[in-house]
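**Q**
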Amino acid sequence: NDVTVSLKAKRNPQAGGIYVFGVTAYSAGENSPGLYLGSRDLRLGGSD
């Protein structure tokens, strides 16, 4: 099975660099404990 994760920025960061984000999956239901899937780097250029 494949899962695609899509990210949408609310605003651009003021500085370029490496940003790390983590992904946690939750099943349907109120008391889902969640399963941490890992983290990845997002590299952004500066706004020179």
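Numbering (this note's numbering), first residue to last: 191 to 238.
Glycine is no exception: its CB is placed at the ideal position from the N, C-alpha and C atoms.
Everything numeric in this text was worked out from a predicted model, so none of it was measured.
Smallest Cα separation from residue 214: which of 195, 235 and 234?
**A** Along the sequence shown, one-based indexing puts residue 214 at 24. Per the Cα distances, 195.
**Q** Find the nearest neighbour of residue 235 within the set 208, 220, 227 and 218, judged by alpha-carbon distance.
**A** Along the sequence shown, one-based indexing puts residue 235 at 45. Among 208, 220, 227 and 218, the Cα nearest to that of residue 235 is on 208.
**Q** Can you look up residue 196 in the DSSP assignment and give me helix, strand or coil?
**A** The residue given as residue 196 occupies position 6 in the sequence shown. It is coil, neither helix nor strand.
**Q** Counting only the same chain and skipping the five closest in sequence on each side, list residues whose C-beta sits under 6 Å from that of residue 226.
**A** Residue 226 sits at position 36 when you count from the first residue of the sequence shown. Counting only Cβ-Cβ distances below 6 Å, and skipping sequence neighbours, we find 214.
**Q** Which residues mark the beginning and the end of the beta strand (DSSP E) in which residue 233 is found?
**A** What you label residue 233 is simply residue 43 of the sequence shown in a count that begins at 1. For residue 233, the enclosing beta strand (DSSP E) begins and ends at 225-234.
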